[in-house]
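Here is the structure we will look at.
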Amino acid sequence: MISLIKSTFYKERATKDKLCKFISGAKQLSLGEQCANFEKAFSRWQGRKYSVMFNSGSSANLALMQVLINLSKIKTGDTVGFSAVTWATNVMPLINLALRPVPIDIELDTLNISYKGLTLAHKKHKFKLLFITNLLGYCHDIDKIRSFCKKNKILLIEDNCESLGSAYKGTKLGNFGYASTFSFYVGHHMSTIEGGMVCTDDKEIDTMLRIVRSHGWDRHLTPAEQNKLRKRFKIDKFYGKYTFYDIGYNFRPTEIQGFLGLDQLKYLNSTINKRQKNYRQLEKIYSNQDFIKMDTSGMTKVSNFAFPLICKNKSLRDRYMELAREADIEIRPVVAGNINNQAFFNKHVKRKFHLPNAQRVHDVGFYFGNNPELTKREINLLIKTFS
């Protein structure tokens, strides 16, 4: 079978051996030095000033939204635009925190929100926050989107879980917004088994992320930050151990995840380049007129962990899904498809939205895996099956 993923980690056997050795010799496995070092290393790699690690990408999404509320960047009832084709736990925090979620339709040839689509939606809904999903390695004129958000005082944040390493006009995706979230779940660009990250250039956001991550207390702040908080609230050293300054959760990662992040980060440039090389070969499939060709103009690197196929109609989709089954190729829907069709969304958001492109992706789209361990034979079989 050509599966979505081939291994939990890149260079799996060696990684597991190193992990066993680390665990057997570690004095601490709860959040500590390994996680802190991974945060610093990831900041350098991504090109952002600050990174805060979480136990999952979903936790990172919720924590970031909570931070924005804690700091009064947004408030309950504010309208938040988000990509209509996304992951469920990008939307659930908006509902949890009593924000007003509004899906924005995507473009079929990038699977992403466009500048044009955003401007039309903003005329009707007047967004305070835009949570954009850089879906499956792509984006759509995100520089114009950033400029529009700045001009209209819309806070822009990015979900870059599916586009780690992708770049638009020389800038890495995840560096266009006020903050960005990442996931290191098994099968993503790099794996810490479970894990997530929030990146930002804003020190205030960084500090509040660390408060929100750990119950709302100050334990993982610098001594200077702790002293500032304790002085403000008149808290002494004794009560400082169990003083909670704002709404928070327990979203802490473990040292196991931090160790794995540091280890796998060493291979990240190599695996991204392999995915890019695979992608450029697999692009031959788009010469088949049965599929919508993805537009990568402006993108200086396409780094995705899955290759999307949007068919021209349902009968073609059914045909190619059957060919995939016969060739033993594992396929999946395009993420959560049209969010309008999801049970949780219909239960908690009492309105319907007109999202024709998202619906089309839902009805006639699927993807197969693009992992760095694909062989030449497997790539040729994928091209043959779908061309």
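Just so we're aligned: the sequence shown equals residues 722 to 1108 in our numbering.
Think of the CB as a built atom: it goes at the ideal place given N, C-alpha and C, for glycine as much as any other residue.
Quick caveat: nothing in here was measured; it's all calculated off a predicted structure.
| Asked | Found |
| --- | --- |
| So, are the CB atoms of G917 and F897 less than 8 Å apart? | no |
| Near G891, which residues of its chain fall below 8 Å by C-beta distance, leaving aside the five closest residues on each side in sequence? | T1021 |
| Once DSSP output is grouped into helix, strand and coil, what is the label at I795? | coil |
| Could you pull out every residue in the same chain whose Cβ sits closer than 6 Å to the Cβ of T831, ignoring the five residues on either side in sequence? | Y859, H861, D1016 |
| Quick one: measure Cβ to Cβ for Y771 and K924, integer angstroms, because I've assumed they're closer than 8 Å. | 7 Å |
| Among residues of its own chain, excluding the 5 on either side of L981, which ones have a beta-carbon nearer than 6 Å to its beta-carbon? | T913 |
| If you reduce the DSSP assignment to three classes, tell me which class A945 lands in. | helix |
| Residues in its own chain within less than 7 Å of L1044 by CB, not counting five upstream and five downstream? | T1106 |
| Put D880 into one of helix, strand or coil per three-state DSSP. | strand |
| Report all residues from its chain with a CB closer than 8 Å to the CB of N1091; omit the five preceding and five following residues, and keep chain order. | R996, N999, Y1000, L1003, N1025, F1026, A1027, F1028 |
| So what's F1089 in DSSP terms, helix, strand or just coil? | strand |
| Can you tell me whether P974 is helix, strand or coil according to DSSP? | coil |
| For S901, write down the residues that DSSP places opposite it in a beta bridge. | E879, C920 |
| Once DSSP output is grouped into helix, strand and coil, what is the label at P1054? | coil |
| Could you give the DSSP three-state label for F965: helix, strand or coil? | coil |
| Here's a check: name, in chain order, each residue in its chain whose Cβ is nearer than 6 Å to the Cβ of G1019, leaving out the five neighbours to either side. | Y889, K890 |
| Are there 16 or more other CB atoms within 10 angstroms of the CB of S887, so buried, or fewer, so exposed? | buried |
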